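In the working numbering, the protein residues as written are 39 to 371.
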């Protein structure tokens, strides 16, 4: 990367999240020339002809991701596209999503892929010889739906966000679990709805090695943020501000012979909150490595993450079909 290189970035969706992405790019010594894209794709044609677009950020409401990504691929021939999650939120999008990923020019905004979380878990696993994974428990709750801002947000609109909390929060963890441990099957069940949208969901994923990931997400419950990685010889507990490793054996009270807290063998301050804060910058660094790569150079088109993008789209297909069956079951009652 050349220091202080000037780049033209087309933007569709100039909200708070987009501003964070731009700030991260600026921290990499880019001079940014912003090109604001209107909602109408028809108006993009003149923009693509007038300005050589180096990159495109798509941070619009979810339902528009596929259409905007396709337009950017077709109209901005030299640009790489950063598209926020979930990328797909309707069954009719699945085939098109696979085709767009084949372009090699789209990076999906899953920050946990680029975070230190995987390396941190592996380091603790190896350091304490924790063995193979036997299960995962995740609980992430943020009472967004209980605030007035929720009803004013496009995330409460069934057209833009039909899967609710699933596509806005859970997908980060679904993608990460698949990225690291490979999801073989998945089932989603929503239990609380606000404005006809799921605000609480439980997701069960079967992993390639036979282990199970049990995940709970909610916009309707009090705050919670934790991940427990259960391994053959202990467990890693990630809370908001700490990571801890516990031995599999129980401590026994010498007087009562009753079990007490399992032995704590490690504690550090690499909590989920810090990992998420750092992950956005790490994700943008990965994207910046793509900017400037000639899209016509087929030898550099295929990325290591491309197969995982295809897997993620298939997983979303399973969730969408599961959700459709649940809605059909409710309407038949």
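For each residue, glycine too, the CB sits at the ideal point set by N, CA and C.
The structure presented is a predicted model; accordingly, all values stated were derived computationally and were not measured.
Minimum length 3: unbroken beta strand (DSSP E) runs contained in the stretch 84-134: 93-96, 118-122
Reduced DSSP category for residue 163 - H, G, I as helix; E, B as strand; rest coil: helix
Give the straight-line distance between the Cα atoms of residue 180 and residue 323, rounded to the nearest whole angstrom. 28 Å
From this set, 250, 352, 259, 306, which residue's C-alpha is nearest residue 280's C-alpha? 306
How far does the beta strand (DSSP E) with residue 282 in it reach, from first residue to last? 281-284
Any chance you could list the alpha helix (DSSP H) runs of at least 4 consecutive residues sitting entirely within the stretch 161-203, in chain order? 186-190
Return the Cβ separation of residue 357 and residue 178 in integer angstroms, given the expectation that the two are a contact with Cβ distance under 8 Å. That belief does not hold up - the Cβ atoms of residue 357 and residue 178 are roughly 16 Å apart, past 8 Å.
Could you name each continuous beta strand (DSSP E) segment of 3 residues or more that falls completely within the stretch 47-85, going from the start of the chain to the end? 69-74
If you run the structure through DSSP and keep just helix, strand and coil, what is residue 272? strand
Residue 91 vs residue 117 beta-carbon contact at 8 Å: yes
So does residue 126 have its beta carbon nearer than 7 Å to some heavy atom of the ligand MG? With respect to the ligand MG, the structure offers nothing, as it holds no ligand at all.
With residue 150 and residue 317 assumed to form a contact (beta carbons below 8 Å), what rounded beta-carbon distance in angstroms separates them? 6 Å
Tell me, which residues are paired with residue 232 by DSSP? 235
Provide the residue(s) that pair with residue 255 in DSSP beta bridges, ordered along the chain. 178, 239
Would you check if the stretch 209-218 and the stretch 151-159 touch, i.e. whether three or more CB-CB distances between them fall below 8 Å? yes
If I measure Cβ to Cβ from residue 100 and keep anything under 7 Å in the same chain, skipping five residues before and after, which residues do I get? 124, 127, 198, 199, 205
Kindly indicate which residue of 59, 54, 161, 210 has the alpha-carbon position closest to the one of residue 347. 210
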